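Notes follow the structure.
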Amino acid sequence: MQLLWLSLFLPIQISGISGVPSVMQSPETLLVQTDQEAKFLCDMRSSSSIYRIYWFRQVAPPSPDSHYQFLVHLDSKATYGEGIDQKHVLISKESHRSTLRMLNVKPSDSGIYICGIFESYQLVFGSGTRLNVVDVLPTSPIPTKKTTPRKRPCNTKHSEVTQQNGFFCSALPLSLLVGCAVVLLIPLIVIIRMNYLWNVARHHVVK
């Protein structure tokens, strides 16, 4: 109601227009757990250091029941809106920054909090900060590590030889058998040859 009353008598400006004081609010969004503290920042750029600070709340946006509620006004002292608990809503000002603190917030405190300054008969608003109050904060899922099955160690050198020589594995036992046979045949051939020479020599002696 107070915001509507002010709009009837004061020229309301949009922050950022040339020649108009600038109002920057942060953060854009705020997610707070029930019974915790919510803090809103309002930075003002103005050629004058004499201005009044207003804080409003847009309730239940954007719905047909949405409306603006006057929270607090800070000049030489803080003036609170109707029904606002002074122990629940705290306002402070340092240089060109105003800080609004909401203590022990409830889900009913959710809404868009808007900061405005009144200077040179102009009321300039910031873009607002959206507050969401929840009983339980969402938790981000923990990324699971993808496990890969362990592979059995493989003899690369043997595999390369097998690929290059074809039936290496099957040919190896056969080559061993052939080698053994050759080794056994050599003494046999020597024995047969010696027997042949012995018989020839004995035949000559008999003659």
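Residue numbers (mature numbering (1 follows the signal peptide of the UniProt record, and there is no 0)): -19 to -1, 1 to 188.
Glycine residues also receive a C-beta, built at the ideal position from the N, C-alpha and C atoms.
Note that the structure is predicted; figures quoted are calculated from it, not measured.
The C-alpha of residue 69 lies about 18 Å from the C-alpha of residue 111.
Within the segment 53 to 132, the runs of beta strand (DSSP E) at least 3 residues long that lie entirely inside it are, in chain order, 59 to 61, 70 to 75, 78 to 83, 92 to 100, 103 to 106 and 110 to 115. The DSSP-derived three-state label of residue 41 is coil. Excluding residues up to 5 positions away in sequence, 11, 13, 83, 86 and 112 lie with their Cβ nearer than 7 Å to the Cβ of residue 19 in the same chain.
Spatial neighbours of residue 73 in its own chain (CB-CB distance under 6 Å, excluding positions within 5 residues in sequence) are listed in chain order as 80.
Residue 121 counts as exposed, since fewer than 16 other C-beta atoms from the protein chains shown sit within 10 angstroms of its C-beta. Annotated three-state conformation of residue 14 is strand, per DSSP. DSSP places residue 3 in the uninterrupted beta strand (DSSP E) bounded by 3 to 7. Assignment of residue 35 by DSSP, reduced to helix, strand and coil, places it in the strand class. Straight through space, the alpha carbons of residue 71 and residue 17 are spaced by roughly 14 Å.
For residue 24, the enclosing beta strand (DSSP E) begins and ends at 19 to 26.
Taking each of 36, 27 and 15 in turn and checking the Cα distance to residue 108, the smallest one comes out for 36.
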